[in-house]
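Report on the following structure.
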Amino acid sequence: FLSNQSDPEWYELHLSVKDYCFGRTDRLVGVTVLSLSRALNLGATPIRLPLGRRLHFTETGWTVLRVLSQRVNTDDVAREFVRAKSEYRAPTENDNIVSVAQ
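Position 84 of the sequence shown, counted from 1, bears residue number 132 in this note's numbering, the numbering being contiguous throughout.
Given below as C-alpha cells:
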C-alpha cells in the first residue's frame with residue numbers, strides 16, 4: 049500500500065524461488081531483488097532475473113539487518129524480514145560437480 053507521494057525507487061521486490069516437497073524439507077532454489085520502479089516501467093514485458101544463492105548487502109544493509117535481528121522476539125514483521133533476507137541456498141551435490149568440471 050503505497051501512497052502516490054512515495055517514490056517507487058525507494059522500494060524493492062524480494063523474489064524467492066522455493067522447491068516445496070512433502071517428503072523432505074523445502075529448499076530455496078534462489079533469490080533476487082527487483083526495484084519497484086523498474087518493475088513498474090516494465091509493465092507486462094517479460095524479464096529474466098538471475099537467481100543467486102543469497103542476497104548481497106552493503107554496510108548499511110548489514111546494519112539494518114543487525115538492528116532488526118534484535119527485535120525478532122517481539123516484532124513479527126522484523127522476524128519475517130530478517131528470515132527472508134538472511135535465507136540462503138545450501139550447496140548441493142550438483143554445485144560441487146560443476147565447480148570440479150570447470
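Quick reminder that beta carbons are idealized off the backbone N, C-alpha and C, glycines included. What you are looking at is a predicted structure, and each value in this text was computed from that prediction instead of being measured.
In this structure, L84 lies away from L103, with their beta-carbon atoms at least 9 Å apart. In its chain, beyond the 5 residues on either side, D74 have a beta carbon closer than 8 Å to the beta carbon of Y68. Residue pairing by DSSP leaves K133 without any beta bridge partner. S54: not part of any beta strand (DSSP E); DSSP gives it neither H nor E.
As DSSP reads the structure, T80 sits in a beta bridge with L63. The three-state reading of DSSP puts R119 in coil, since its state is none of H, G, I, E or B.
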